[in-house]
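Number of protein chains: 2
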Amino acid sequence: MSDLLERLRGRGWRLTSQRRVVAEVLDGEHVHLTADEVHARAARHLPEISRATVYNTLGELVALGEVLEVATDGRAKRYDPNARHAHQHLVCSGCGAIRDVHPHGDPLAALPATERFGFVLSGAAITYRGLCPACTDAPAR
Amino acid sequence: MSDLLERLRGRGWRLTSQRRVVAEVLDGEHVHLTADEVHARAARHLPEISRATVYNTLGELVALGEVLEVATDGRAKRYDPNARHAHQHLVCSGCGAIRDVHPHGDPLAALPATERFGFVLSGAAITYRGLCPACTDAPAR
DNA sequence: ATCCTAACTTGGACTTTGTCTAAGTCAACA
DNA sequence: TGTTGACTTAGACAAAGTCCAAGTTAGGAT
Chain H
28 MSDLLERLRG
38 RGWRLTSQRR
48 VVAEVLDGEH
58 VHLTADEVHA
68 RAARHLPEIS
78 RATVYNTLGE
88 LVALGEVLEV
98 ATDGRAKRYD
108 PNARHAHQHL
118 VCSGCGAIRD
128 VHPHGDPLAA
138 LPATERFGFV
148 LSGAAITYRG
158 LCPACTDAPA
168 R
Chain Y
28 MSDLLERLRG
38 RGWRLTSQRR
48 VVAEVLDGEH
58 VHLTADEVHA
68 RAARHLPEIS
78 RATVYNTLGE
88 LVALGEVLEV
98 ATDGRAKRYD
108 PNARHAHQHL
118 VCSGCGAIRD
128 VHPHGDPLAA
138 LPATERFGFV
148 LSGAAITYRG
158 LCPACTDAPA
168 R
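Protein chains in written order, with our numbering: chain H, 28 to 168; chain Y, 28 to 168.
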């Protein structure tokens, strides 16, 4: 993520303090923040940043392929900066915790031509569900 | 779906006209309606049905395992009555069309123990993405 | 170094999707 | 046929996201 800002500048982005802060917030592994969480963390460094800017910036990062949108539960979308390494997600049904995981094989290979209905496939997103160790021990929440 | 109402009565459901209409709307294959679409179609048969009842009924059907929630895009959830036959979804990135598809193999098998982080897995949802034939021919929408 | 301007940001109104509640209605059993 | 608790309703509320007009600013031009 460290060279993200350089890459974006190369694509003609204007490098504003707001965009810098959003990019910093998204830095790291296993980061799956909602837009509101990104806004809250960004506001710690730049108190006047607006929600609209956070949404705009996240949308642009997604369009550029730098960040992935993850819709695990039909509630708020989450934003995953780990877009450069293919991975899938493992979600706890109890507490909602999310882990990046790496199944083996190409998920697309499992879909036979007869099940593709003429679509040109571009990818597959897999959400594994289960209970994390903490929720297995204390299932009643 | 035809015997759904009988099954539900067996579970102690009161069989109201509203529930009957919602179940009828959800009947069929490749049905992936949003709650609002279910409400609109139900209202054609029962004009005074309320949104709250549609949400309640859909939530109950999901809790009973008769209907699946599908979150393909972070927008409105969709409701899939085909819960009795395991399947996955193929979504067109252009127009949003959804098909039920059947990949071969068990999706869970692709996730090695070292990538399970102590979770007890319960299932996996796969969303294949691509362009449907119509959107491949006319990609600018 | 300063100016200019298109690009960016802002606050707030608005939309969409979904939840909750209090009061009224009715399916199913006795 | 009466009773009752489960069900439904309208509308207020909440959460998540979009849109817009007005103000600000990064970065190239001078």
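The beta-carbon is built from N, C-alpha and C at its ideal position, and this holds for glycine as well.
Contact of Y:Asp100 with chain H by beta-carbon distance below 7 Å involves Ala98. Residues of the segment 31-58 of chain H with a C-beta atom less than 7 Å from some C-beta of chain Y do not occur.
Beta-bridge analysis with DSSP links H:Ile125 to H:Val118.
Between the segment 37-54 of chain Y and the segment 110-128 of chain Y there are fewer than three C-beta pairs closer than 8 Å, too few to call the two in contact. Taking 8 Å as the upper bound on Cβ-Cβ separation, chain Y lies near residues Arg126, Val128, His129, Pro130, His131, Gly132, Pro134, Leu135, Ala137, Leu138, Pro139, Glu142, Arg143 of the segment 123-143 of chain H. For Y:Arg71, the closest alpha carbon among the candidates Y:Pro134, Y:Val49, Y:Ala151, Y:His129 is that of Y:Val49. If you compare the alpha carbons of Y:Thr99, Y:Leu73, Y:Val65 with that of Y:Asn83, the shortest gap goes to Y:Val65. Within chain Y, the C-beta atoms nearer than 8 Å to that of H:Leu158 come from Phe146, Val147, Ser149, in chain order. The bridge partners DSSP lists for H:Asp107 are H:Leu95. Distance from the Cα of Y:Tyr155 is smallest, within the candidate group H:Pro139, H:Pro160, H:Asp164, for H:Pro139. Three or more Cβ pairs closer than 8 Å define a contact, and the segment 81-101 of chain Y meets that threshold against the segment 93-102 of chain H. Beta-carbon to beta-carbon, H:His114 and H:Ile125 are separated by about 11 Å, too far to satisfy the 8 Å threshold.
For H:Leu117, at least one C-beta of chain Y is nearer than 8 Å to its own C-beta. Looking at the DSSP output, H:Leu31 sits in no beta bridge, so it has no partner there. For H:Ala152, the enclosing beta strand (DSSP E) has its first and last residue at 147-158. Assignment of H:Leu60 by DSSP, reduced to helix, strand and coil, places it in the strand class. In terms of Cα proximity to H:Gly150, the closest of H:Pro160, H:Ala161, H:Ala137, H:Thr141 is H:Ala137.
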